[in-house]
Every structure is written in structure tokens, then in C-alpha cells.
Amino acid sequence: MSRRIYDYGLPDRFVAGTVGQPGNRTFFLQARRGGSIVSVVLEKVQVQVLAERIALLLAEVARRGVRVPEALAPADDDTAPLDEPLVEAFRVGTMTIAWNGDSDEIVVEARARPDDDEDDEGDEEDDEDDDEEEIEVADDDPDGPDLVRVRLTPTRARAFAERALRTVASGRPPCPLCGQPLDPAGHLCPRRNGYVH
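Going by my numbering, the sequence shown opens with residue 26, and the numbers climb by one from there.
Written out as C-alpha cells, the structure is:
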């Protein structure tokens, strides 16, 4: 199957959200422009790291003189649920963020992780090449991973980061003793020698 590139430019909406109950949630990145929507699945930690890195990048460019909002206006804070239909385009493997100084925008890219089938086919022949660095794939390469790309103004980037961090924090509360997530029925706490907390 040929590569799919979802370049949403400056999207009408770019958010992180979840489906499911805490402890059993699926995390999504979703971009919408006009009537077109793309949704990709990723891990909770990927959402958290992306939001934290965007916040750090905004702090750095603000230090260098770019106008970045300190706080969001209520109209900029997107609290709506994910858009429907919610159809997974792919599962995210790697993400990149970059600052475009010409347009004062953050560029976010999410690339699909390699298919397990493709990895299994070349295992015998490629064992000695496992230590090599991953080669970056050009956008015009038809064999590269699927890709979602968006550009965000500093205000939209701040809104994305704040919503994403709230989404991550809205999961199961941590155990006060060990920090692991608590299930509604408790959990086997290593700090209590395996007793349910």
C-alpha cells in the first residue's frame, strides 16, 4: 500500500483526547480542517511528552523575543470531545516538533510505526544491521511511513499542550505510597509488601 501523508497545514482543530474509562483509555491525536478529519492512536506517554516538549519550545522562543501567550483566553481553550467519526488512520511510532522561524509556527509531525509484518520478513537478513541509525525518509518517498503534519501558531500550540496535559492527568489517581495508578478496587502495592491498597 502506498504512503499516506495527511498535511493539514494550519488546522481548524488539533487536539489530544481519549476514548474509554481511566485505566482502559485509548489516546488519540486528531486534526480537522473543514470537513476532513484524521485521527491517529498513540500512547499516553507520547501525548505527555509531546505536550511537555511543545511547552518547552514555546518557552524558548518566547525567551528569544517571539510573542507567546502566557495564558489562554477562554475562547482559545478547546474542551469539546473528539470529533466523529473516530476512525484510526494509524498508530504513531515517532513524532517530531520544529519551530518555523519564517512563519512563527510550530510544526508537529506524527509518523506511523512500522508494521509488524514488515519487521518479521527481514529479521534473518537484517540482524547485523540492527545497530544502525534509522534513516530519515523523504516526504516524496512512496515507501515511507504514513504521516500527519500540522502547523500551529503559538496560541494554538499552547492550547494543545494545556489540553493534552489535562487529558493525561485526568486518568487514575496515583497511589500515595508507590505512585502507581490506583484501580477502583485498589492495587497490589509494592510498598505494602504486596497487600492491596
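All C-beta atoms, glycine included, are put in the ideal place defined by N, C-alpha and C.
In this text the structure is predicted, and so the values were computed from the model without any measurement.
Original post:
Roughly how many whole angstroms lie between the Cα atoms of Arg-181 and Leu-83?
Top reply: 11 Å
Subject >> Sequence-distant residues of the same chain with beta carbon closer than 7 Å to Val-112, five excluded per side >> reply: Ser-64
Subject >> contact_flag[the stretch 32–49, the stretch 86–102] where n(CB pairs < 8 Å) is 3 or more >> reply: Taking a cut-off of 8 Å for Cβ pairs, the stretch 32–49 and the stretch 86–102 do not touch, as fewer than three such pairs fall below it.
**OP:** Taking 8 Å as the cut-off, decide whether the C-beta atoms of Met-120 and Gln-71 are in contact.
**Re:** yes
**OP:** Mind checking who Gly-42 pairs with in its DSSP beta bridge?
**Re:** Phe-53
Original post:
How would you call Glu-130, buried or exposed, if buried means at least 16 neighbouring beta carbons within 10 angstroms?
Top reply: buried
**OP:** From the DSSP output, in three-state form, read off Val-63 for me.
**Re:** Shown here, Val-63 sits in a strand according to DSSP, grouped into three states.
**OP:** Look up Val-74 in the DSSP assignment and say whether it is helix, strand or coil.
**Re:** helix
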